[in-house]
Amino acid sequence: MTAGSKLLNALSAAALSSTILTASTVGIQLGVMSAAHAAVVNRIEVRGTSRVDADTVRNLSQIRTGQNVTPAEMDQVVTRLFATGLFSDVRVSQSGGTMIVQVDENQIVNEVVFQGNSKVKNEQLESVVQTAPRAAYNASTAQADVDAIRSVYSRVGRSDAQVSVRTLPADGNRVNVVFEIVEGDRTRIAQINFVGNNAFGDRRLKEVISLRETGLFGFLQKSDIYDEDRLRADEETLRRFYYNRGFADFRIVSSVAELDAAKNEYFVTITVEEGERYTFGNVNIDSTVPGIDAAALQNDLETKPGNVYSAEKVEDTLVNLTNAVAAQGYAFAQVTPRGDRDFTNNTIGVEYVIDQGPRAYVERIEIRGNTKTRDYVIRREFDVSEGDAFNQVLVQRARQRLEALRFFQTVNVSTAPGSEPDRVVVVVQVVEQSTGEFSVGGGYTTGGENPGPVAEVGITERNFLGRGQFVRVSAGFGEDTRNYNLSFTEPYFLGRRLAAGFDIYRTENTSSDYDIERTGGTLRIAAPLTQHLTAQIAYNYKEERFGDDTGVGQFDAAGNIFYTTCADGDNAAAIAAASGTPATFIGQYAPRYTNSAIINQAICDSPYTTSSMSYALTYNTLDSSSDPRDGFFIQAGQEVAGLGGDAEFLRTTGKASWFSLLNEEYDVIGQLSGGAGNVTALGDDLRVFDNFFKGQDIVRGFRYQGIGPRQFAVDGAGNVIPGSNGVAIGGENYANASAEVTFPLPLVSRDLGFRGAAFADAGSLWGSEFANQPGVVGDDFNIRASAGVGLIWASPFGPIRVNYAYPIAKEDYDRTQEFSFGFSSRF
1 MTAGSKLLNA
11 LSAAALSSTI
21 LTASTVGIQL
31 GVMSAAHAAV
41 VNRIEVRGTS
51 RVDADTVRNL
61 SQIRTGQNVT
71 PAEMDQVVTR
81 LFATGLFSDV
91 RVSQSGGTMI
101 VQVDENQIVN
111 EVVFQGNSKV
121 KNEQLESVVQ
131 TAPRAAYNAS
141 TAQADVDAIR
151 SVYSRVGRSD
161 AQVSVRTLPA
171 DGNRVNVVFE
181 IVEGDRTRIA
191 QINFVGNNAF
201 GDRRLKEVIS
211 LRETGLFGFL
221 QKSDIYDEDR
231 LRADEETLRR
241 FYYNRGFADF
251 RIVSSVAELD
261 AAKNEYFVTI
271 TVEEGERYTF
281 GNVNIDSTVP
291 GIDAAALQND
301 LETKPGNVYS
311 AEKVEDTLVN
321 LTNAVAAQGY
331 AFAQVTPRGD
341 RDFTNNTIGV
351 EYVIDQGPRA
361 YVERIEIRGN
371 TKTRDYVIRR
381 EFDVSEGDAF
391 NQVLVQRARQ
401 RLEALRFFQT
411 VNVSTAPGSE
421 PDRVVVVVQV
431 VEQSTGEFSV
441 GGGYTTGGEN
451 PGPVAEVGIT
461 ERNFLGRGQF
471 VRVSAGFGED
481 TRNYNLSFTE
491 PYFLGRRLAA
501 GFDIYRTENT
511 SSDYDIERTG
521 GTLRIAAPLT
531 QHLTAQIAYN
541 YKEERFGDDT
551 GVGQFDAAGN
561 IFYTTCADGD
571 NAAAIAAASG
581 TPATFIGQYA
591 PRYTNSAIIN
601 QAICDSPYTT
611 SSMSYALTYN
621 TLDSSSDPRD
631 GFFIQAGQEV
641 AGLGGDAEFL
651 RTTGKASWFS
661 LLNEEYDVIG
671 QLSGGAGNVT
681 ALGDDLRVFD
691 NFFKGQDIVR
701 GFRYQGIGPR
711 QFAVDGAGNV
721 IPGSNGVAIG
731 GENYANASAE
741 VTFPLPLVSR
751 DLGFRGAAFA
761 DAGSLWGSEF
771 ANQPGVVGDD
781 FNIRASAGVG
791 LIWASPFGPI
801 RVNYAYPIAK
811 EDYDRTQEFS
821 FGFSSRF
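Letter by letter, the sequence shown follows residues 1 to 827 of full-length UniProt numbering.
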């Protein structure tokens, strides 16, 4: 063949050749159209479809008949069709005026299966993968799901988890997708180190952050799992910790987590630069708004000259001043703090400038990310609503309130422009977290007649049905006690910041000299009067049964009945004689009885009912409700009984606790506490069981009902029978005081949750209208005192405390108990 013939044939072949474009799961391969110009498409032919309609493919191609199609546009057809995820392969070619679209449809997912997972439930994995039954299978999506599953395992501390995906064919061009998981071991935090800290030791800073080192009880911990988001949050926590303690120049230089792959452990190093410690200098208020008297706002200042600088106190002052000027009718007034730093004297002066801010209004509050919590639960934490004047300080205070709810992992509040220049959109972005708790607690009590183990099981939901309501159900069991409780609280009753709720309870106690059964309930409502002051009013009703009302007897030294209630003496003696055992107690609880005629008579009069109204005022500035280190807790109230029922009395009680961090570096906490009470009869007499019964709850080292007036058995002449045990009859007054210091145990890792304590208690219980009855002693104001040490364990089952208290001052008739073991309570 001549060269000219070869050239002619080549040109003819080029003119007749078609353009072929393909796409596969590996990538997109595009052929080259040899025609230099666009070709007219008269018909679109679709091949290879079975589930997808051909017209659907034509519409997705976005090519219309009669259209001139360029090579670039054919490339776009392949890209569009492949992007739908419906096809595993797409090929586009043109033959004359016909564009041929050849597709291979993706298989339909029949079932998604997870294999090898035991630490993470299927439901949790299903929520993060995109591959789903009845959807088209896409290999790229499945691979992305593999990464998502690895992320889930990383968040639960299993960074070395291995995940793979494979498919198994099923009938009808369907496929089962199997994610195979090898969970591996937990990746824990072996060590947390701080570099550059001088004012506070590593132990103290480790208390501040949420990340924890793996300790002895690591199998019960979740905080020893490394998470980058938590590390970032801990950085902010450290900043606030230092800023609130005078270190205004504090900064975090770096925070690094290094993984030891061989040991599967993280080593976290946080490098800080503390800077100097500052105190407040001059504090002033300057107003440029006519009508605002700056001098009248001085009481709203939380920052005082000479006090240690605290960013939190500055924030609190901003809120106080903003609310104060808004209450005076200046809705657009804006409060801005200006600092004047004196590097020579290490002071920071603060001037709060009140200016007329821009006239901006809240167009709407937009809530995002709340999958459980209802919108109104979030909106009600804002002191501003749609249409109100926009105030940045009040918006940020709402953010703090939302964080304090503990409903969300994160809360971000931002603003966006509204539809008009003077309109602002407040955007609230939240991430939900678990709000339900199942708790199992255990311990051992040494109080009462039958010491032994105690246990409590409880279910708590802080955000019931996403409505922000609190519900708790619990049951406790011990050697001689039973208790059942149900509590419900609606924090915004009638749409206002009123906490209304009820409590229902039943207790059974055989730990004293007589059996006690109580069944009752409370209806309560509380309202915040100020930021720290709360008022509560409640209606209370209870029914009490004491001992056994079928027969109660007393016996003298010879074993003869000499005093009987609930049955006349002759009948009791006859019953005893008929049984052949004169010393046998008469009644179903034999041989339980008391040596107190007062108590016996009261037992025979039971059951008692008490219907009362009560109120209380609570002043609380504690920095933490669970582990306070600073602040006051003061509560005082009264209960008036006589609204029906058997009881008629006025009971007044009060208690106060003060906490202070005595040594910041070593985390030594001091506490001073005190309390007092009085009960007064409103009717003819005060029932004995309306008295206060006190013991180790106010003075450690004494038994339950171990102090105060007691009645002993007497003979016919009114003399106390030698060897008889006195029975507590309670007192109308009590007072107590306590001093305590708690501290970390030296040479013991703080991750074990142990703290030591040293304390001293003093108190008294006195006053009884039965003081002149035979055998009654201890009616005078006699001080009891004790000193001791304690061991507190923040166990995974709840705070547990062991005390050893030695009575320093006591009466001969008191009942002591130097060793006690039970659940801990700080105030």
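Cβ atoms here follow ideal geometry from the backbone N, Cα and C, with glycine treated the same way.
- Cα atoms of Ala794 and Thr373: separation of roughly 30 Å, rounded to the nearest angstrom.
- DSSP places Arg91 in the uninterrupted beta strand (DSSP E) bounded by 87-95.
- When the five nearest sequence neighbours on each side are left out, the beta carbons in the same chain lying within less than 8 Å of the beta carbon of Arg203 are those of Tyr666, Asp667, Pro744, Arg750, in order along the chain.
- According to the DSSP assignment, Tyr243 belongs to no beta strand (DSSP E) but to the alpha helix (DSSP H) extending over 228-243.
- Annotation: the continuous alpha helix (DSSP H) that includes Lys206 extends over 202-208.
- Rounded to the nearest whole angstrom, the C-alpha separation of Met99 and Gln107 is 25 Å.
- Straight-line spacing of the CA atoms in Ser419 and Ala83 works out to 36 Å.
- Setting aside the 5 residues that flank it on each side, Glu386 is surrounded in the same chain by Val362, Glu363, Arg364, Ile365, each with a C-beta closer than 8 Å to its C-beta; the list follows chain order.
- Contact between the region 275-285 and the region 297-308 is established, with three or more Cβ pairs separated by less than 8 Å.
- Here Thr322 carries a helix assignment [DSSP, helix/strand/coil].
- With a cutoff of 7 Å on beta-carbon distance, Ala199 and Glu274 are scored as near each other.
- Here Tyr734 has Gly677, Phe692, Lys694, Leu765 as same chain residues with Cβ atoms under 6 Å from its own Cβ, once five neighbours each way along the sequence are excluded.
- About 7 Å separates the beta carbon of Phe702 from that of Arg815, a gap short enough to meet the 8 Å contact definition.
- For Arg43, the beta-bridge partners assigned by DSSP are Thr98.
- The distance from the Cβ of Val395 to that of Val426 is about 6 Å, consistent with a contact at the 8 Å cut-off.
- Between Val146 and Val163, the CB-CB gap stays under 7 Å.
- Here Ala360 carries a coil assignment [DSSP, helix/strand/coil].
- With contacts defined by Cβ atoms closer than 7 Å, Glu639 and Gly683 do not form a contacting pair.
- Assignment of Lys655 by DSSP, reduced to helix, strand and coil, places it in the strand class.
- Taking 3 residues as the shortest admissible run, the region 499-552 contains the following complete beta strand (DSSP E) segments, listed from N- to C-terminal end: 499-509, 516-528, 533-546.
- Within the same chain, Cβ atoms closer than 6 Å to the Cβ of Glu508 are found at Arg482, Glu517, the five residues on either side in sequence being excluded.
- In the same chain as Thr317, and ignoring 5 residues on each side of it, the C-beta atoms closer than 6 Å to its own belong to Leu301, Glu302, Thr303, in chain order.
- Between Val335 and Leu321, the CB-CB gap stays under 7 Å.
- The beta carbons of Lys263 and Glu183 sit no closer together than 7 Å.
- In this structure, Ala656 sits near Ile634, with a CB-CB distance shorter than 7 Å.
- Secondary structure of Ser287 (DSSP, three-state): strand.
- By the Cβ-count criterion, Arg524 is buried, with 16 or more other Cβ atoms from all chains shown falling within 10 Å of its own Cβ.
- Taking every protein chain shown into account, the CB of Pro421 has fewer than 16 other CB atoms within 10 angstroms, so this residue is exposed.
- Per the C-alpha coordinates, the member of Gly291, Lys313, Asp234 positioned closest to Gly246 is Lys313.
- Secondary structure of Gly731 (DSSP, three-state): strand.
- Within the model, the alpha-carbon separation for Tyr539 versus Leu402 is close to 30 Å.
- In the structure shown, Asn299 falls within a helical segment according to DSSP collapsed to helix, strand and coil.
- Residue pairing by DSSP places Glu366 opposite Val427 in a beta bridge.
- Distances from the alpha-carbon of Ala360 to those of Asn370, Arg379, Ala333, Ile348 put Ala333 closest.
- With respect to the 7 Å criterion, Ala713 and Ile721 are classified as neighbours on the basis of their beta carbons.
- Distances from the CA of Gln773 to each of Phe390, Glu811, Val688 were compared; the closest alpha carbon is that of Val688.
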